[in-house]
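S.K.: Pasting a structure here, questions to come.
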Ligand SMILES: Nc1ncnc2c1ncn2[C@@H]1O[C@H](COP(=O)(O)OP(=O)(O)O)[C@@H](O)[C@H]1O
Ligand SMILES: [Mg+2]
C-alpha cells in the first residue's frame, strides 16, 4: 500500500449566495511535495485554501490530510493535525521580540499552554531550532515591529512551522516583496520544509517563482480547476496560456 497523500481534495465546491467560487475541484499533494495553485484574481484560490484549512466548510466534497477525512474541522483542530498556514498579510506581534513571536506558536501546541506553568522551558529548544532554520538567531531579541518586511516574513514562516506541519499552505507569501526577496523567501521556505518533510501548497503571481519551485502546478479559472501538470506541461498548455499566462508565456 502506498502512503497517503499529504493532502487530497475531492470534488470541493463552495458558493457564496448564488456565486460559485469553487466548483468540483479535485487534486492531491504528495508527501513532501512542493505545489502551486495559480490563476487570475477571483479564480477561487484563497477560497480553496480556506476550505483546506477549515476556515470555510465546503458545500460538498471532502478534504483529506494524511489520509484522514478532516472535512468540516475547524482551523485550530487542523493546525494541531499538522496543517500550517501563512497569510497574505503578515500576522506577527510588533511589540514582542522575534523569539517571543515564534515561542507563541510552539507554546500553543504544548499541552500545558492553558495552565499557569511557565511553558518557556518546554518550548525553548524548539523555538531556537526554528529561529536557526530561518536564519533569525541573530535577530531573536529584536522587537518584531522593528524588522524589515522580508525579515518579518521569515518570522511568520517560523511561526507557521511551530506545529511541525505535514502541509504548509502559503497564500501569496511574497505579496509586496521585491523580485529578489520573493525568490529568497520561497527558496528558504522550500529548503526548511524539505528538511522537515512538510509538503507545500502555495499561490504566487510571480511565474518565475512558481516555475522554479513547484514540481506540480494546479491552475484555477472561474472557480474550476482547468489544468494540472509539471511546470513544463503548464507552460506549454494552450488553455492555461489563454486563461492565465497570456503574453507572459509567449515564446
Ligand atoms: N466571503 C465571500 N463572500 C462572497 N464572495 C466571496 C467571498 N469570498 C470570496 N468571494 C468571491 O469568490 C471569488 C473567488 O475569490 P478568491 O477565492 O478570493 O479568489 P483568488 O484568491 O483566486 O483571487 C471572487 O469572485 C470573490 O469575490
Ligand atoms: Mg487570493
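In my numbering, the protein residues as written are 184 to 434. Even for Gly, the Cβ is constructed at its ideal location relative to N, Cα and C.
1) Strictly closer than 5 Å from CB to any heavy atom of ligand 1: give me those residues in the order they appear in the chain.
2) Below 7 Å, is the gap between the Cβ of residue 242 and the nearest heavy atom of ligand 2?
3) Between which two residues does the beta strand (DSSP E) harbouring residue 248 extend?
4) When DSSP labels each residue in this structure, what does residue 256 get in the three-state scheme?
5) Which residue spans inside the region 199-228 form an unbroken beta strand (DSSP E) run of at least 3?
6) Whose CA, out of 269, 189, 218 and 195, lies closest to the CA of residue 395?
7) So is residue 303 buried or exposed if we call it buried at 16+ other beta carbons inside 10 Å?
8) Per DSSP, what kind of secondary structure is residue 349 in: helix, strand or coil?
9) Alpha carbon to alpha carbon, how far is residue 247 from residue 190?
10) Residue 354: beta carbon under 7 Å from a heavy atom of ligand 2?
11) Among the residues of its own chain, which have a CB less than 7 Å from the CB of residue 522, if the five just before and after it don't count?
12) Taking C-beta to C-beta, are residue 281 and residue 315 nearer than 8 Å?
13) Taking contact to mean 3 or more Cβ pairs, one atom from each stretch, closer than 8 Å, check whether the region 366-380 and the region 201-213 are in contact.
14) At what residue ranges does the region 352-404 contain a whole run of the alpha helix (DSSP H), taking only runs of 4 or more?
15) Along the beta strand (DSSP E) that carries residue 409, what are the first and last residues, could you check?
16) When the Cα of residue 408 is compared with those of 346, 188 and 193, which residue comes out closest?
17) Let's test the definition: count the other Cβ atoms within 10 Å of the Cβ of residue 376 and tell me whether it reaches 16, buried, or not, exposed.
18) Can you name the residues that DSSP bridges to residue 425?
19) Tell me whether residue 192 sits in a helix, a strand or coil according to DSSP, three-state version.
20) For residue 433, does the three-state DSSP call read helix, strand or coil?
21) What span of residues does the alpha helix (DSSP H) with residue 331 cover, start to end?
22) Look at residue 234 and residue 197 and say whether their C-beta atoms are less than 8 Å apart.
23) Any idea if residue 278 is buried or exposed, counting beta-carbon neighbours within 10 angstroms, 16 or more meaning buried?
M.R.: The structure says:
1) Near ligand 1, meaning a Cβ closer than 5 Å to any of its heavy atoms, lie the following residues in chain order: 199, 204, 224, 225, 226, 227, 228, 229 and 230.
2) Taking 7 Å as the cut-off, one finds no heavy atom of ligand 2 near enough to the beta carbon of residue 242.
3) Unbroken beta strand (DSSP E) run through residue 248: 243-248.
4) Residue 256: coil per DSSP, three-state reduction.
5) Complete beta strand (DSSP E) runs here, min 3: 202-212 and 217-221.
6) If we check each option's Cα against that of residue 395, 218 comes out closest.
7) Interpretation of residue 303 is limited by its pLDDT of 49, a score under 50 that renders its predicted location unreliable; no figure is taken from the coordinates.
8) Coil, per DSSP.
9) It is roughly 6 Å from the alpha-carbon of residue 247 to the alpha-carbon of residue 190.
10) Taking 7 Å as the cut-off, one finds at least one heavy atom of ligand 2 near enough to the beta carbon of residue 354.
11) Here the chain comprises residues numbered 184 to 434, so residue 522 is not present and cannot be evaluated.
12) Contact: no.
13) Short answer: they don't touch.
14) Taking only runs of at least 4 residues, the alpha helix (DSSP H) segments lying wholly in the region 352-404 are 362-379 and 390-396.
15) From DSSP, the beta strand (DSSP E) with residue 409 extends over 407-412.
16) Minimum Cα distance to residue 408 is reached at 193.
17) Counting Cβ neighbours within 10 Å, residue 376 comes out buried, since at least 16 surround it.
18) Residue 425 is not bridged to any residue.
19) Residue 192 sits in a strand when the DSSP states are folded into three classes.
20) In this predicted model, residue 433 has a pLDDT of only 41, less than 50, meaning its place in the structure is not dependable enough to derive any value.
21) No alpha helix (DSSP H) contains residue 331, which DSSP labels as neither H nor E.
22) Going by beta carbons, residue 234 and residue 197 fall inside the 8 Å limit.
23) By the C-beta density criterion, residue 278 is exposed, having fewer than 16 other C-beta atoms within 10 angstroms.
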